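Working notes, beginning with the structure itself.
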Amino acid sequence: MGSKVVKVRSVNKVTHDAIQIVAEKPSGYEFLSGQATNVAIIKAGWEEESRPFTFTSKPDDDHLEFVIKMYPEHEGVTHELRNLKPGDQLLIDEPWGAIRYDGVGLFIAGGAGITPFISIFRTLHATGELAGNRLLFGNKTRRDVILEKELRTWLGNDFVNVLSDENIDRIVHGFIDEKLIKENLTGSKVYVCGPPPMMDAVGDALKQLKVGNSDIITEVF
6 MGSKVVKVRS
16 VNKVTHDAIQ
26 IVAEKPSGYE
36 FLSGQATNVA
46 IIKAGWEEES
56 RPFTFTSKPD
66 DDHLEFVIKM
76 YPEHEGVTHE
86 LRNLKPGDQL
96 LIDEPWGAIR
106 YDGVGLFIAG
116 GAGITPFISI
126 FRTLHATGEL
136 AGNRLLFGNK
146 TRRDVILEKE
156 LRTWLGNDFV
166 NVLSDENIDR
176 IVHGFIDEKL
186 IKENLTGSKV
196 YVCGPPPMMD
206 AVGDALKQLK
216 VGNSDIITEV
226 F
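If you want our numbering, it's the position in the sequence shown, counting the first as 1, plus 5.
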């Protein structure tokens with residue numbers, strides 16, 4: 006497919022430090038739920054500064070959507086994305102990525118690691134195939150939780166919110182550890198995406214629980 010220029014339709018805030026970008030979808034552009042692409046801003050000084058972002062729209066939607074965590078202190082690409090307006094243009098590459106749905110299981114996400122799962126959940130919800138899947142979603146505080154309302158709507162009690170820095174009634178306080186994973190294992194697959202320290206800890210826990218590598222779906226492990 007090669008690189009494509011897409012026009013931004015809208016930019017909206019979804020948390021205090023995450024935005025949703027909706028853009029036009031080029032004719033014939035195809036991706037799988039869970040995949041990502043490299044995105045650059047078509048603006049002087051930024052065309053060569055591409056970064057990987059995951060599609061959060063469904064593959065059959067008539068638009069592309071990305072939910073992106075901002076790091077304004079870095080004054081880099083995410084800082085500049087925050088300033089996008091409808092009509093601005095982005096350059097996207099071909100889709101890539103190893104995360105894709107392979108059967109009912111436990112999804113484990115940390116922070117922005119939820120993004121590849123959003124498209125998967127949206128697709129499964131639309132086709133009536135989401136039942137039986139469960140999500141452990143770790144964040145520091147509740148205000149950091151991306152699309153909490155939507156996740157609760159899709160998954161109901163199979164959405165387990167885990168907060169490390171905040172203690173709230175009926176929300177798990179702490180970290181996603183071996184005990185919590187064992188209590189929530191479901192189906193035959195485990196899907197994992199998050200920051201390196203979480204990935205390492207979850208990887209060790211899954212080894213202790215004797216979950217085979219062939220049953221773990223992740224980008225890097």
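Where is the CB? At the ideal position from N, CA and C, for every residue including glycine.
Owing to the predicted nature of the structure, the values given are computational and were not obtained by experimental measurement.
Starting from residue i and walking both ways along the alpha helix (DSSP H), at which residues does that stretch end?
{"i": "Ser124", "result": "Thr120 to Ala131"}
{"i": "Val207", "result": "Pro201 to Gln213"}
Give me whichever residues DSSP pairs with residue i in a beta bridge.
{"i": "Ala41", "result": "Thr59 and Trp101"}
{"i": "Leu96", "result": "Val10 and Ala45"}
Which whole-angstrom value describes the C-beta separation of residue i and residue j, a residue pair presumed to lie in contact below a C-beta threshold of 8 Å?
{"i": "Phe112", "j": "Leu140", "result": "5 Å"}
{"i": "Glu85", "j": "Ile46", "result": "6 Å"}
{"i": "Val44", "j": "Ile97", "result": "5 Å"}
{"i": "Lys12", "j": "Gln94", "result": "6 Å"}
{"i": "Met75", "j": "Ile24", "result": "6 Å"}
{"i": "Asn189", "j": "Val165", "result": "6 Å"}
{"i": "Asp107", "j": "Ile222", "result": "6 Å"}
{"i": "Lys187", "j": "Leu214", "result": "6 Å"}
{"i": "Met203", "j": "Gly137", "result": "About 24 Å; that fails the 8 Å criterion."}
{"i": "Val207", "j": "Ile181", "result": "6 Å"}
{"i": "Val19", "j": "Val72", "result": "6 Å"}
{"i": "Gly102", "j": "Glu224", "result": "6 Å"}
{"i": "Pro91", "j": "Arg157", "result": "At roughly 29 Å, the Cβ-Cβ gap does not stay under 8 Å, so Pro91 and Arg157 are not in contact."}
Between which two residues does the beta strand (DSSP E) harbouring residue i extend?
{"i": "Leu135", "result": "Per DSSP, Leu135 belongs to no beta strand (DSSP E) and is neither H nor E."}
{"i": "Leu69", "result": "His68 to Lys74"}
{"i": "Val82", "result": "Unbroken run through Val82 is the alpha helix (DSSP H), Val82 to Leu86; no beta strand (DSSP E)."}
{"i": "Phe112", "result": "Gly110 to Gly115"}
{"i": "Ala49", "result": "Looking at the DSSP string, Ala49 is not in any beta strand (DSSP E), and its letter there is neither H nor E."}
{"i": "Val27", "result": "Ala23 to Glu29"}
{"i": "Lys9", "result": "Lys9 to Thr20"}
Does chain B have any CB closer than 7 Å to the CB of residue i?
{"i": "Lys12", "result": "Note that chain B does not occur in the displayed structure, where there is just one protein chain."}
(request) Indicate whether the contact test is met: 3 or more Cβ pairs, each with one atom in the segment 58–77 and one in the segment 25–38, closer than 8 Å. (result) yes
(request) Determine contact between the segment 114–124 and the segment 35–42, defined as no fewer than three beta-carbon pairs at a distance below 8 Å. (result) yes
(message) For the pair the segment 97–111 and the segment 189–202, tell me if three or more CB-CB distances fall below 8 Å.
(response) yes
(request) Taking only runs that begin and end inside the segment 142–212, name each unbroken alpha helix (DSSP H) of 4 or more residues, in chain order. (result) Runs of the alpha helix (DSSP H) spanning 4 or more residues and lying entirely within the segment 142–212 occur at 153–160 and 183–189, in chain order.
(message) Check whether the segment 135–154 and the segment 164–184 touch, using three or more Cβ-Cβ pairs below 8 Å as the test.
(response) yes
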